[in-house]
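There are 2 protein chains.
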Amino acid sequence: MSKKLSYHHGNLRRTLLDEAALLLREEGEQGLSMRRLAARVGVSRTAPYHHFKDKQDLLCAIAEEGFRRFLGVLTLDGPDLSLKGVRQFVRNYLEFAVSNAEYYDLMFGSHLWKSEGITEALKERAHGSFRFYLDQARVWQEQGLVHKQLDPLRYSQVSWSTLHGMSRLLIDGVYLDPNSMGPICDHAANMFWRELTAGN
Amino acid sequence: MSKKLSYHHGNLRRTLLDEAALLLREEGEQGLSMRRLAARVGVSRTAPYHHFKDKQDLLCAIAEEGFRRFLGVLTLDGPDLSLKGVRQFVRNYLEFAVSNAEYYDLMFGSHLWKSEGITEALKERAHGSFRFYLDQARVWQEQGLVHKQLDPLRYSQVSWSTLHGMSRLLIDGVYLDPNSMGPICDHAANMFWRELTAGN
DNA sequence: TTTGTATTTTGACACTGTCAAGATAGCTTG
DNA sequence: CAAGCTATCTTGACAGTGTCAAAATACAAA
Numbered sequence: 096m097s098k099k100l101s102y103h104h105g106n107l108r109r110t111l112l113d114e115a116a117l118l119l120r121e122e123g124e125q126g127l128s129m130r131r132l133a134a135r136v137g138v139s140r141t142a143p144y145h146h147f148k149d150k151q152d153l154l155c156a157i158a159e160e161g162f163r164r165f166l167g168v169l170t171l172d173g174p175d176l177s178l179k180g181v182r183q184f185v186r187n188y189l190e191f192a193v194s195n196a197e198y199y200d201l202m203f204g205s206h207l208w209k210s211e212g213i214t215e216a217l218k219e220r221a222h223g224s225f226r227f228y229l230d231q232a233r234v235w236q237e238q239g240l241v242h243k244q245l246d247p248l249r250y251s252q253v254s255w256s257t258l259h260g261m262s263r264l265l266i267d268g269v270y271l272d273p274n275s276m277g278p279i280c281d282h283a284a285n286m287f288w289r290e291l292t293a294g295n
Numbered sequence: 096m097s098k099k100l101s102y103h104h105g106n107l108r109r110t111l112l113d114e115a116a117l118l119l120r121e122e123g124e125q126g127l128s129m130r131r132l133a134a135r136v137g138v139s140r141t142a143p144y145h146h147f148k149d150k151q152d153l154l155c156a157i158a159e160e161g162f163r164r165f166l167g168v169l170t171l172d173g174p175d176l177s178l179k180g181v182r183q184f185v186r187n188y189l190e191f192a193v194s195n196a197e198y199y200d201l202m203f204g205s206h207l208w209k210s211e212g213i214t215e216a217l218k219e220r221a222h223g224s225f226r227f228y229l230d231q232a233r234v235w236q237e238q239g240l241v242h243k244q245l246d247p248l249r250y251s252q253v254s255w256s257t258l259h260g261m262s263r264l265l266i267d268g269v270y271l272d273p274n275s276m277g278p279i280c281d282h283a284a285n286m287f288w289r290e291l292t293a294g295n
């Protein structure tokens with residue numbers, strides 16, 4: 096409860112998740128080691144292993160939490176579909192990615208996805224996020240807000256790719272620089288908008 | 096020359112680069128350790144350190160080679176700009192990314208880009224690749240092949256983001272599955288094409 | 001109070017990247 | 001040819017890693 100008065104920590108799992116996220120944010124992926132984490136929360140090296148099977152398991156749990164926070168971003172602001180709304184959405188996505196980079200890296204990074212140890216729970220949450228995004232496009236189409244020929248699935252896959260690619264290139268500082276993100280986001284939003292409204 | 100007859104290996108650097116790439120391809124990033132690599136080429140643990148300052152240095156060199164191979168992909172096939180050409184280009188990009196995933200991961204992965212140790216040579220090569228792509232769009236515009244209002248820089252940044260995002264989501268198996276890449280690629284190509292030809 | 005279960009600890013093992021010192025080979029100059 | 005220089009490779013060492021096994025500790029239920 097209070098401050099490690101007892102042998103039993105009380106809510107070690109919660110503490111580990113928080114401290115791990117903090118460590119990731121402060122020093123990046125390589126800064127987080129199980130031993131350092133354990134030391135930081137004042138517990139022995141192997142204590143975390145009673146709350147997480149693996150280091151991977153810990154990371155999956157953090158990523159899951161990332162997806163939980165992410166869900167709020169996925170919904171367009173206004174009630175009706177508009178270019179302005181799409182623009183805001185793109186900005187929101189990138190804002191989340193860049194200011195929660197430590198989560199975003201885990202949520203979509205190859206580290207977890209290419210490993211055997213990825214949690215089923217995480218996979219589900221990730222796919223849930225995409226389905227949510229996809230369903231939105233489907234509803235728009237049913238309501239006649241976007242043109243009939245659009246394939247919602249393909250649109251969702253490609254537009255998400257754009258958003259994800261922008262995030263990665265920005266976070267990693269490869270081809271996009273933070274200063275010109277306004278125009279770039281708008282350009283992407285325009286592209287999406289054309290996709291949604293223009294024919295074929 | 097032949098088979099480790101001599102104390103001096105002869106072309107250890109070359110051998111290390113090749114074997115490292117092979118190891119990465121076979122067992123992924125975590126399969127490549129300096130010691131294992133050294134053992135694989137039949138040399139002591141620290142021998143590689145006379146050819147590469149760091150492990151990072153080694154990885155940067157491999158990534159560089161990836162960019163060298165990548166350059167061929169960046170040029171459109173046909174002499175003139177066409178939807179068909181763009182479609183082929185998108186396919187080529189993804190084909191490269193997925194079948195050279197071990198290189199692609201290093202070329203654009205956060206592992207190198209977010210670390211201090213990234214080589215100046217690698218950065219240059221990466222930026223060179225983008226400039227090459229960008230210049231292509233500029234030339235199209237000068238030749239009147241794409242509409243006047245298009246901002247080549249923004250177009251290049253956003254379309255590259257799409258390509259990169261698709262590659263990542265595909266390689267990591269997040270939201271895209273290999274079986275439906277044909278339609279997805281075409282959808283992206285259509286989007287690019289509209290961007291290039293349609294107004295505003 | 002006893003028994004059981006959940007939690008935490010210490011000890012150990014096989015790894016990792018990389019530094020410092022020494023050994024070896026081959027090229028360059030006398 | 002001999003002497004020396006430099007590039008290359010080796011052995012030894014250190015601190016750090018993930019994680020298993022066995023023992024210790026605390027709390028809950030009987």
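Those protein sequences? They're chains L and G, same order as listed. Just so you know, we're using the numbering used here here: the first sequence kicks off at 96 and counts up by one. Just so you know, we're using the numbering used here here: the second sequence kicks off at 96 and counts up by one. Don't be surprised by glycine CBs; every beta carbon is placed ideally from N, CA and C.
Nearest chain L C-beta to residue i closer than 8 Å, yes or no?
i: H259/G; result: yes
i: H242/G; result: no
i: V185/G; result: no
i: R220/G; result: no
i: V253/G; result: yes
i: L178/G; result: no
i: S97/G; result: Low per-residue confidence applies at S97/G: pLDDT is 35, beneath 50, and the placement is therefore not dependable, though the value from the model is reported in the following sentence. Not one chain L Cβ lies under 8 Å of S97/G.
Does the Cβ-Cβ distance between residue i and residue j come in under 8 Å?
i: Y188/L; j: V168/L; result: yes
i: F225/G; j: W255/G; result: yes
i: C155/G; j: L112/G; result: no
i: I157/G; j: A116/G; result: yes
i: Q151/G; j: G204/G; result: no
i: H146/L; j: L107/L; result: yes
i: L245/G; j: Q236/G; result: yes
i: Q252/L; j: Y270/G; result: yes
i: V138/G; j: F287/G; result: no
i: P273/L; j: L265/L; result: yes
i: F165/G; j: F191/G; result: yes
i: L176/L; j: L240/L; result: yes
i: W208/L; j: G268/G; result: yes
i: R289/L; j: R131/G; result: no
i: L127/L; j: P143/L; result: no
i: T292/L; j: H222/L; result: no
Give me the chain G residues within the contact set of residue i, using Cβ-Cβ distance strictly less than 7 Å, ordered along the chain.
i: K209/L; result: G123 and D267
Between residue i and residue j, how many whole angstroms is the CB-CB distance? I'm expecting something under 8 Å.
i: M129/L; j: R140/L; result: 7 Å
i: E122/L; j: R135/L; result: That belief does not hold up - the Cβ atoms of E122/L and R135/L are roughly 11 Å apart, past 8 Å.
i: E159/L; j: R109/L; result: 14 Å between Cβ atoms; not a contact.
i: T257/L; j: T170/G; result: That pair is no contact at about 22 Å.
Taking only beta-carbon positions, decide if residue i is within less than 8 Å of chain G.
i: P143/L; result: no
i: P247/L; result: no
i: D113/L; result: no
i: I279/L; result: yes
i: R120/L; result: no
i: L189/L; result: no
i: R263/L; result: yes
i: L100/L; result: Unreliable placement is indicated for L100/L, whose pLDDT of 45 sits below 50; the coordinate value is still reported in the next sentence. Not closer than 8 Å to any Cβ of chain G, the Cβ of L100/L fails to qualify, so no.
What in chain L is Cβ-close to residue i, meaning under 9 Å?
i: A293/G; result: R289 and A293
Would you mind telling me which residues of chain L sit closer than 7 Å to residue i, beta carbon to beta carbon, in chain order?
i: M286/G; result: V253, M286 and E290
i: A283/G; result: V253
i: F225/G; result: Y270
Name, please, each residue of chain G whose Cβ falls closer than 8 Å to the Cβ of residue i.
i: L271/L; result: Q252 and S256
i: D200/L; result: S205
i: L117/L; result: Residues of chain G passing the Cβ test: none, with the nearest at roughly 18 Å.
Strictly below 9 Å CB to CB, what residues from chain G border residue i?
i: R182/L; result: In chain order: nothing, as chain G lies at least about 13 Å away.
Query raised in the report: Does the stretch 254-268 of chain G come close enough to the stretch 282-293 of chain G that 3 or more CB-CB pairs lie under 8 Å?
Result: yes
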